[in-house]
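Participant: Can you keep this structure in mind? I'll have questions shortly.
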Amino acid sequence: AAIEPAREAPPEPPTAGAPEAVLSSELSPSAPAMEAAPLVSRPEARAPAPAASEPAVLRQPEQPVPVYRTRIPPAMTIEYDISRGSISGTGQLTWLPEGGSYEARLQASVIGYTLLSQISQGGFDKAGLAPLRFTDQRARKAARAANFQRDAGKITFSGPADEFALPAGVQDRLSWMIQLPAVLSAEPKRAVAGGEVVLYVVGARADVAVWTLRCLGAETVQTAGGPVRTVKFMRAPRGAKDTQAEVWLDPTRHFLPVRARLGQGSDDPDAFELVLRELKPGP
Numbered sequence: 001a002a003i004e005p006a007r008e009a010p011p012e013p014p015t016a017g018a019p020e021a022v023l024s025s026e027l028s029p030s031a032p033a034m035e036a037a038p039l040v041s042r043p044e045a046r047a048p049a050p051a052a053s054e055p056a057v058l059r060q061p062e063q064p065v066p067v068y069r070t071r072i073p074p075a076m077t078i079e080y081d082i083s084r085g086s087i088s089g090t091g092q093l094t095w096l097p098e099g100g101s102y103e104a105r106l107q108a109s110v111i112g113y114t115l116l117s118q119i120s121q122g123g124f125d126k127a128g129l130a131p132l133r134f135t136d137q138r139a140r141k142a143a144r145a146a147n148f149q150r151d152a153g154k155i156t157f158s159g160p161a162d163e164f165a166l167p168a169g170v171q172d173r174l175s176w177m178i179q180l181p182a183v184l185s186a187e188p189k190r191a192v193a194g195g196e197v198v199l200y201v202v203g204a205r206a207d208v209a210v211w212t213l214r215c216l217g218a219e220t221v222q223t224a225g226g227p228v229r230t231v232k233f234m235r236a237p238r239g240a241k242d243t244q245a246e247v248w249l250d251p252t253r254h255f256l257p258v259r260a261r262l263g264q265g266s267d268d269p270d271a272f273e274l275v276l277r278e279l280k281p282g283p
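Using our numbering, the first residue of the sequence shown is number 1, and each one after it goes up by one.
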């Protein structure tokens with residue numbers, strides 16, 4: 001079935017491009033609140049006024065992250081073969097934009113057992129996808145969530161007490177898989193060897209980092225439906241426990257992911273991988 005044409009996102013506001021930024025892992029503590037001086041109207045001094053509380057300092061990237069033009073892909077469902085180490089099963093990525101909002105779901109299961117369930121809900125703005133809430137549930141673990149409080153300009157979490165600033169273009173650990181194709185659909189010149197897209201990516205466990213996704217050129221991916229010509233992007237890890245993300249995108253189908261691999265470090269035997277089985281227009 002034919003895939004609907006992509007929708008053009010509103011043009012971005014003027015913004016300064018920024019080189020790759022590193023998320024600060026340590027912040028200078030706020031200066032302690034000062035007690036008010038005693039008010040003296042009689043020989044005896046009154047009790048000092050309570051200390052004024054200062055607003056919490058929000059963690060943020062050391063440098064601004066670029067804002068790109070985007071073309072939002074149409075609704076579709078992508079079926080995948082999935083694997084994690086020696087375990088294999090099936091996965092499904094559902095992308096449903098509707099009016100000014102969207103929902104993306106990624107589920108992976110093995111023999112009816114849910115291995116991973118992620119949901120990203122939000123809307124759209126001049127920077128593309130604008131997440132509001134991201135939930136992440138892994139096998140045998142409680143669900144965690146990241147909340148994008150846009151009115152307050154901050155990101156909070158259901159578990160950790162950390163709070164981060166909410167810059168334009170910020171993505172969660174699922175929405176980036178749609179935002180990257182949306183950027184490349186609007187700016188295909190970035191989908192050549194050496195091109196790059198820089199995203200600020202937030203996980204549900206307060207795992208927040210700037211991702212510089214670099215294009216490594218064209219590669220052919222073998223799928224259940226035959227070989228597919230793709231362009232590969234990779235985010236290199238910055239340490240043994242940092243995320244390495246590799247994604248192979250189909251330029252003929254809105255740059256949507258044909259294959260993806262996410263793991264810790266550059267040689268993770270338990271990396272999570274998905275490979276296209278079938279792509280269907282609509283939800």
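Even for Gly, the Cβ is constructed at its ideal location relative to N, Cα and C.
Note that this is a predicted model, so its numbers are computed, not measured.
Compute the beta-carbon to beta-carbon distance between tryptophan 101 and glycine 123, rounded to the nearest angstrom, for a pair I have assumed lies under 8 angstroms.
Facilitator: The sequence shown places serine at residue 101, rather than the tryptophan named in the question. About 5 angstroms separates the two Cβ atoms, so the contact holds.
Participant: Taking Cβ positions, are lysine 204 and arginine 173 nearer each other than 9 angstroms?
Facilitator: Here residue 204 is alanine; the residue named in the question, lysine, does not match the sequence. For alanine 204 and arginine 173, yes; Cβs fall inside 9 angstroms.
Participant: With contact counted as at least three CB pairs below 8 angstroms, one residue from each stretch, are the region 96-110 and the region 207-222 in contact?
Facilitator: With the cut-off at 8 angstroms, the region 96-110 and the region 207-222 do not touch.
Participant: Taking the alpha carbon of proline 66 as the reference point, which residue from Val57, Tyr200, Val192 has its own alpha carbon closest?
Facilitator: Proline 66 has its Cα closest to that of Tyr200, out of Val57, Tyr200, Val192.
Participant: Express the C-alpha separation of proline 269 and glutamate 239 in angstroms, rounding to a whole number.
Facilitator: The sequence shown places glycine at residue 239, rather than the glutamate named in the question. One C-alpha to the other measures close to 16 angstroms.
Participant: Under three-state DSSP, which class holds isoleucine 178?
Facilitator: Helix at isoleucine 178.
Participant: Among the candidates Pro281, Val228, Glu273, whose CA atom is the shortest distance from the CA of isoleucine 82?
Facilitator: Closest by alpha carbon: Glu273.
Participant: Where does the unbroken beta strand (DSSP E) through glycine 263 begin, and where does it stop?
Facilitator: Run containing glycine 263: 256-264, per the beta strand (DSSP E) assignment.
Participant: Would you mind working out which of Arg235, Ala218, Phe148, Gly89 sits nearest arginine 229, comparing C-alpha positions?
Facilitator: Of Arg235, Ala218, Phe148, Gly89, the residue nearest in Cα terms is Ala218.
Participant: Taking 6 angstroms as the limit between beta carbons, can you name the residues of its chain near proline 13, skipping five residues before and five after?
Facilitator: Residue placement at proline 13 is poorly supported in this model, since its pLDDT is 45, which falls under 50; the coordinates are not used for a value here.
Participant: With a CB to CB cut of under 7 angstroms and the five nearest residues on each side skipped, what residues in its chain are close to proline 192?
Facilitator: For the sequence presented, residue 192 should be read as valine rather than proline. Counting only Cβ-Cβ distances below 7 angstroms, and skipping sequence neighbours, we find Cys215.
Participant: Classify alanine 186: buried if its beta carbon has 16 or more other beta carbons within 10 angstroms, exposed otherwise.
Facilitator: Counting Cβ neighbours within 10 Å, alanine 186 comes out buried, since at least 16 surround it.
Participant: Report yes or no: do the region 85-94 and the region 140-154 share at least 3 C-beta pairs separated by less than 8 angstroms?
Facilitator: Short answer: they don't touch.
Participant: Assuming alanine 143 and threonine 156 are in contact, meaning their beta carbons sit under 8 angstroms apart, how far apart are those beta carbons, in whole angstroms?
Facilitator: Not quite, the Cβ-Cβ distance comes to about 15 angstroms (not below 8 angstroms), so this is no contact.
Participant: Please classify glutamate 44 as buried or exposed, where buried requires at least 16 neighbouring CB atoms within 10 angstroms.
Facilitator: Residue confidence is low: glutamate 44 scores 47 on pLDDT, short of 50, so the model does not pin down where it sits. Its coordinate-derived value is still stated next. When all chains shown are included, glutamate 44 counts as exposed.
Participant: Please report how far the alpha carbon of leucine 27 lies from the alpha carbon of proline 283, in whole angstroms.
Facilitator: Residue placement at leucine 27 is flagged as unreliable, the pLDDT there being 32, under the threshold of 50; a coordinate-derived value is accordingly withheld.
Participant: Just to confirm the assignment, what range does the beta strand (DSSP E) spanning tyrosine 113 have?
Facilitator: 113-125 is the span of the beta strand (DSSP E), which, as asked, contains tyrosine 113.
Participant: Once DSSP output is grouped into helix, strand and coil, what is the label at arginine 71?
Facilitator: Arginine 71 falls in the strand class under three-state DSSP.
Participant: Valine 247 and methionine 234 - do their beta-carbons sit closer together than 9 angstroms?
Facilitator: The answer is yes: Cβ separation under 9 angstroms.
Participant: So, using beta-carbon positions, are glutamine 121 and leucine 106 closer together than 9 angstroms?
Facilitator: Not closer than 9 angstroms, so no.
Participant: Roughly how many whole angstroms lie between the Cα atoms of leucine 58 and aspartate 162?
Facilitator: Between leucine 58 and aspartate 162, the C-alpha separation is close to 8 angstroms.
Participant: When you compare the CB positions of alanine 152 and leucine 166, do they come within less than 9 angstroms of one another, or not?
Facilitator: A contact, by the Cβ cut-off of 9 angstroms.
Participant: Taking the beta strand (DSSP E) that glutamate 79 falls in, what are its first and last residues?
Facilitator: Residues 76-84.
Participant: Within a Cβ cutoff of 8 angstroms, which residues of the same chain sit near glutamate 278, ignoring the five residues on either side of it in sequence?
Facilitator: Once the five neighbours on either side are set aside, the close Cβ partners of glutamate 278 are Ile78, Glu79, Ala224, Gly225.
Participant: Excluding sequence positions up to five away, which residues of its chain have a Cβ less than 6 angstroms from the Cβ of glutamate 103?
Facilitator: Within the same chain, glutamate 103 has close Cβ partners Leu96, Gln121.
Participant: Whole angstroms is fine: what's the gap from threonine 243's alpha carbon to lysine 189's?
Facilitator: Cα to Cα, the separation comes out at about 26 angstroms.
Participant: For my contact list, leucine 256 and leucine 249 are in at a C-beta cut-off of 8 angstroms; report their separation, rounded to the angstrom.
Facilitator: Correct: roughly 7 angstroms between the Cβ atoms.
Participant: By how many angstroms is the C-alpha of glycine 169 removed from the C-alpha of glutamine 60?
Facilitator: Cα to Cα, the separation comes out at about 13 angstroms.
Participant: What residue range is occupied by the uninterrupted beta strand (DSSP E) comprising aspartate 250?
Facilitator: Here the beta strand (DSSP E) through aspartate 250 covers 243-250.
Participant: Per DSSP, glycine 128 is paired with what?
Facilitator: According to DSSP, which records beta bridges pairwise, glycine 128 is partnered with Asp125.
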